Amino acid sequence: MLKYSLRENLLTPDPDDCMAQVQDVRSYTQDEIIDLMMRRGTTLTKADVTAVLQVYTEVVGELTADGCAVNTPLFNTSFSVAGVFTSMSDSFDKARHTVSVNVNAGTVLREAVRSVRTEKTEGNSTDPYITEAADVVSGAVNTTLTAGGILRLTGSRLKFDASDETQGVFLVPESGDVVRCAIVAENKPARVMVMVPAGIAPGVYYAEVRSRFMGNSQAGKTLKTGRFSKPLEVAAQG
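So that you can map any letter, position 27 of the sequence shown is 48 in the working numbering, and since no number is skipped, the others follow by simple counting.
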């Protein structure tokens, strides 16, 4: 059962429009999926299945690194290149351009989603909520960040007190130190714009808004955090 709640839709002009927000989705790791496979009575051992999936994962990774698309019953991949090319003679530059992998559902997942049952629930979160992360320099949406560029976050309850160093827009890496975007260009409940530090290390980050403001724009004692679920990649310079 897929549970969802309704919230104000900030992307349309109609003040009564709502949008759905999925709630409490159960996620499964590869090990948990293997355990479910073993319950079906296969003659293979768990070690056999783990080894096969490991090889499968490695081959898919190698094909992707070689610039190949992968089409399977579960998913289909394609590539896109973000960034501005100054002329027809310009070439790919890792400092200005980024390659992204696009993943779409394959035939099995498209068929499976038709059978999903839904249940409406009440949503009561007052945390900041991010619906979109745009890199203003490259024009990329929900994929990349440019060091020294502008990050625009859209959503609700995003406003924060920029003078409080515990609040603001933070970029959380998969490993390493958290980066606070100290320079703020716009600070509104539905949209904030900040400068990505020029010296940020390349890698994958998750954008977080941390704020003590409550729904009525009054400051509270509790620091609330809203994290954008999609990873954002900072490309290596040079």
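We put the CB at the ideal spot given by N, CA and C, even for glycine.
Every value quoted in this text rests on a predicted model; they were computed, and no experiment measured them.
I'd like the span of the alpha helix (DSSP H) that includes residue i, first residue to last.
{"i": "residue 130", "result": "128-134"}
Strictly by DSSP, which residues pair up with residue i?
{"i": "residue 253", "result": "226"}
{"i": "residue 205", "result": "215"}
{"i": "residue 150", "result": "177"}
{"i": "residue 231", "result": "189 and 246"}
{"i": "residue 123", "result": "99"}
{"i": "residue 41", "result": "27"}
{"i": "residue 162", "result": "155"}
{"i": "residue 34", "result": "Residue 34 is not bridged to any residue."}
{"i": "residue 194", "result": "226"}
What is the DSSP secondary structure of residue i, reduced to helix, strand or coil?
{"i": "residue 245", "result": "strand"}
{"i": "residue 176", "result": "strand"}
{"i": "residue 237", "result": "Summary for residue 237: the model assigns pLDDT 48, below 50, so the residue's position carries little reliability; its value from the coordinates is reported in the next sentence. Residue 237: coil per DSSP, three-state reduction."}
{"i": "residue 168", "result": "coil"}
{"i": "residue 156", "result": "strand"}
{"i": "residue 85", "result": "helix"}
{"i": "residue 22", "result": "coil"}
{"i": "residue 116", "result": "coil"}
{"i": "residue 65", "result": "coil"}
{"i": "residue 58", "result": "helix"}
{"i": "residue 46", "result": "coil"}
{"i": "residue 91", "result": "coil"}
{"i": "residue 200", "result": "strand"}
{"i": "residue 107", "result": "coil"}
{"i": "residue 52", "result": "helix"}
{"i": "residue 183", "result": "coil"}
{"i": "residue 73", "result": "helix"}
Can you check whether the CB of residue j is closer than 7 Å to the CB of residue i?
{"i": "residue 158", "j": "residue 173", "result": "no"}
{"i": "residue 70", "j": "residue 58", "result": "yes"}
{"i": "residue 190", "j": "residue 215", "result": "yes"}
{"i": "residue 139", "j": "residue 253", "result": "no"}
{"i": "residue 84", "j": "residue 129", "result": "no"}
Would you please state the rounded distance, in angstroms, between the beta carbons of residue i and residue j? I believe it to be under 8 Å.
{"i": "residue 226", "j": "residue 166", "result": "7 Å"}
{"i": "residue 228", "j": "residue 154", "result": "5 Å"}
{"i": "residue 9", "j": "residue 125", "result": "Since the first residue of the chain shown is 22 and the last is 259, residue 9 is not available in this structure."}
{"i": "residue 169", "j": "residue 219", "result": "4 Å"}
{"i": "residue 246", "j": "residue 231", "result": "5 Å"}
State the start and end residues of the unbroken beta strand (DSSP E) segment that holds residue i.
{"i": "residue 139", "result": "139-141"}
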